[in-house]
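**Student:**
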Amino acid sequence: MKKQLFALLSLGLLLATTSAYAQTMAYAVNLKVNVPFNFVVTGETLPGGEYTIRSEPNIEHALSINAAGRNSRVFLANPCLTVKGRKPSDQVKLVFHRYGHQYFLSEIWMVGNSVGQQLPKSRRELEMAQNNNTFQQVVILAGLH
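So that you can map any letter, position 101 of the sequence shown is 125 in the numbering used here, and since no number is skipped, the others follow by simple counting.
1. For Ile83, count the other beta carbons within 10 Å of its own beta carbon; 16 or more makes it buried, fewer makes it exposed. Which is it?
2. Over the uninterrupted alpha helix (DSSP H) stretch that includes Asn155, give me the two end residues.
3. Could you have a look at Phe61 and say whether DSSP puts it in helix, strand or coil?
4. Buried or exposed, going by whether 16 or more other CB atoms sit within 10 Å of the CB of His125?
5. For Lys111, which three-state DSSP category applies?
6. Can you grab the Cα-Cα spacing for the pair Asn90 / Val98, in whole Å?
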């Protein structure tokens with residue numbers, strides 16, 4: 025009886041560890057992207073240019089965005105799933121919401137993952153969404169870094 029209980033607990037621990045590792049790998053982000061327009065990340069406007077986006081070690085769901093010669097910005101993202109019935113992302117990409125001439129970073133997707141990173145809408149984006157009916161989703165392809 026004790027051997028069976030020990031075996032069952034060991035199996036449960038192994039499955040939990042494997043699941044946690046797989047989940048961590050699904051959220052890993054390390055990419056380089058050239059954004060051709062100014063855009064907003066968590067309320068701060070960043071100029072267009074080449075950026076590196078990485079997962080922050082030891083902080084779950086934290087990402088940093090950095091441009092050469094500028095300080096890194098760290099932000100939190102939430103996991104998001106692909107639309108039901110869709111296969112995992114086939115490209116590394118950033119999804120922006122565009123209202124008029126303003127772009128807001130919304131999602132980050134890594135190739136092969138059905139779980140992406142979604143940024144919470146800033147107060148500014150929520151205001152734009154309420155005041156401006158023209159909404160467009162813009163996708164920028166990125167490369168792994």
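Idealized CB from N, CA, C, for every residue including glycine.
It should be emphasised that the depicted structure is a prediction, and the values quoted were computed from it without experimental measurement.
**Tutor:** According to the data block:
1. Exposed, since its Cβ has fewer than 16 Cβ neighbours within 10 Å.
2. Its alpha helix (DSSP H) spans residues Arg147 to Asn155.
3. If DSSP states are grouped into helix, strand and coil, Phe61 belongs with coil.
4. Its Cβ having fewer than 16 others within 10 Å, His125 is exposed.
5. Coil at Lys111, not helix or strand.
6. Approximately 9 Å between the Cα atoms of the pair.
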